[in-house]
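J.: Going by the working numbering, the sequence shown runs without a break in its numbering and finishes at 1168. This is the structure I have questions about; it appears just below.
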Amino acid sequence: MAALGLCLLLGFGCAAIPPVGLAYDYFVSPRDDDPWSRKIRRWQQRERSDTGEDALRAPAPVAEPGVAESASGDVLPTDLREKYNSFRAEQKRAQARDLAEWIQLQSREHYVPDGPIDRWATFAETLRQDGDDCDGLELLTFHLLRDLGFSEDAVFRAIVYRKRDGQHHMVTLWFEDAYDPWVLDPTGAMTSGMPRMSELPGWVPLKVFGVDENFSVERSRSVASN
């Protein structure tokens, strides 16, 4: 775990130490001068072309994300459709929480810090070299959620930074709620478990992307205007 805490890399690094309600627009088209888009495009090209035998291909999603339960928690489902949706949502959250716990355990053994220049590995490269830093290990959660049937338009990679020291980190966001996603952190540098982004006010999301998608994150206009 000491290696995880000391990873400070050039340009993009894995955040060092886990910290002991903002609203965002997560899917904003990036500006022409967006500083991350070039690196994201380069990784996307390599990820799409790196089809080694050890790379696992995610099957088509078999189910959409479950419907979230009532915010109050007081109203229990009464008809079969509501019960089905509620139970499905509970099961998907349980799967995601198990995955968050599993990847953090694996990171203790398979965390490999980059050299002086940070290079984002592809999924196949991470498997071939038996590990990587946060941006490589995060690909396991990103791909496995999709393998388990989570909708591809609800699971994204995300670049976040810690406000108190400006350290960057890579996590997976699951958008069961389009405005407040669940956070799966591969190394535990940002969080353990599976909190929502709103529960981590010390961190700011910068970018949301996938193999083909690239979005910038901005403060919600309704919040920023207050």
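Backbone N, C-alpha and C fix where the C-beta goes; we use that ideal spot for every residue, glycine too.
1) Which residues in the same chain as Val-1153 place their Cβ atom closer than 8 Å to its Cβ, once the five residues preceding and following it in sequence are excluded?
2) What's the C-alpha gap between Glu-1155 and Glu-1024?
3) Which of the three DSSP states, helix, strand or coil, is assigned to Glu-1118?
4) Using three-state DSSP, classify Arg-1039 as helix, strand or coil.
5) Indicate, with yes or no, if the ligand MN has a heavy atom lying under 7 Å from the CB of Asp-1072.
6) Rounded to the nearest angstrom, what separates Met-1136 and Pro-1058 at their Cα positions?
7) In this structure, how does DSSP classify Asp-1095 when only helix, strand and coil are distinguished?
8) Going by C-alpha to C-alpha distance, which of Val-1125, Leu-1090 and Arg-1061 sits closest to Lys-1235?
9) How big is the Cα-Cα spacing for Pro-977 and Arg-1104?
10) Could you tell me whether the Cβ atoms of Ser-1162 and Pro-972 are closer together than 8 Å?
T.: Taking the structure as given:
1) Gln-986, Glu-989 and Arg-990
2) 32 Å
3) coil
4) helix
5) For the ligand MN, the structure offers nothing, since it holds no ligand at all.
6) 31 Å
7) coil
8) Because the chain spans 943 through 1168 in this model, residue 1235 falls outside it and cannot be assessed.
9) 17 Å
10) no
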